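A short write-up of the structure that comes next.
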Amino acid sequence: MSKARLGVNIDHVATVRNARGENYPSPLRAALDAELHGADGITAHLREDRRHILDKDIEDLIGNLKIPLNLEMAATEEMLLIALNHKPNACCIVPEKREEITTEGGIDTVKNFKTLKNYTSQIRDNGSRVSLFIDADKVQIDNCKKIGADIIEIHTGKYCQLIETDSPSAGIELEKIVLMSEYAASIGLEIHAGHGITFNSIKPLAKIQSIKEFNIGHFIIGESIFMGLEKTIKKMKSLILES
Ligand code: PXP
């Protein structure tokens, strides 16, 4: 039985709040509800353009959560200071482009090797775990190990899109995730996975024993409109545990 943890990403509660410039719905309230109903962690992405999560949200989450916070962030000087100041349980380094709708691919650890090594060592030395968001690729995984990351988070976006559209290529993409998760675990990395995961795509992904955590946001928040946050989280958790 898979014992993978469920990390709930609350960015899109902040998206709805910011759409009207009010102070509701509250990302902290969503995070505390998620905690109450079985989430094992909370993820929040503080983007450079502050399009959803704001600095105050991070302060509120750090001050009130009992479960771990995974702070998603780009490798910028500004984010480094925030991460060092708040010392979240984990910092997940993601590539970030202002013009993108969401994180489109994994970080390039080949092009950014030196910068990432120096950058992430400061976060680790300060007591947070370091996660690198990458595509399921051996070169990227080997680099994560050399950089000194504790965790890799595998970008599942492409696979999830393929499975949602019943594409015959979904199987090939899943196989890649399986093989690369097993390889990464064999060299001592902790494996997380996230992006685009739904009730459909979690079932095959949760069968991969080496994946220890799933970070899921957009679908959970969207589905909560119909099912409520409690039922949505409980269903996602049970799909993880049953797989
Ligand atoms: N993991 C990472 C590193 C991400 O960037 C995101 C999106 O913010 C997620 C997980 C969650 O993706 P989704 O909102 O599609 O579930």
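Residue -2 is where the sequence shown starts when you use this note's numbering, and the numbers rise one by one after that.
Note that CB positions come from ideal geometry on N, CA and C, so glycine has one too.
As the structure is a prediction and not an experimental result, all values here were calculated from the model.
Relative to ligand 1, the beta carbon of Ile213 is positioned inside 7 Å of a heavy atom.
In this structure, the beta-carbon distance from Ala41 to Lys209 does not fall below 8 Å.
In this structure Gln137 is buried. Its beta-carbon is surrounded by 16 or more other beta-carbon atoms within 10 angstroms.
Taking 8 Å as the cut-off, the Cβ atoms of Met177 and Ile144 do not count as close. In this structure Arg14 is buried. Its beta-carbon is surrounded by 16 or more other beta-carbon atoms within 10 angstroms. In this structure, Thr153 sits near Leu202, with a CB-CB distance shorter than 8 Å. Under DSSP, Ala190 shares a beta bridge with Ile151, Phe211. Taking non-hydrogen atoms of ligand 1 into account, the C-beta of Val127 is found less than 7 Å away from none of them. Secondary-structure assignment with DSSP links Cys157 through no beta bridge to anything.
DSSP places Ile39 in the uninterrupted beta strand (DSSP E) bounded by 38 to 42.
Asn67 has Thr40, Ala87 as its beta-bridge partners, per DSSP. His9 and Asn86 have their C-alpha atoms some 21 Å from each other.
Just measuring C-alpha positions, the residue of Asn123, Gly35, Tyr180, Lys94 sitting nearest Asn140 is Tyr180.
Straight through space, the alpha carbons of Glu96 and Phe211 are spaced by roughly 26 Å.
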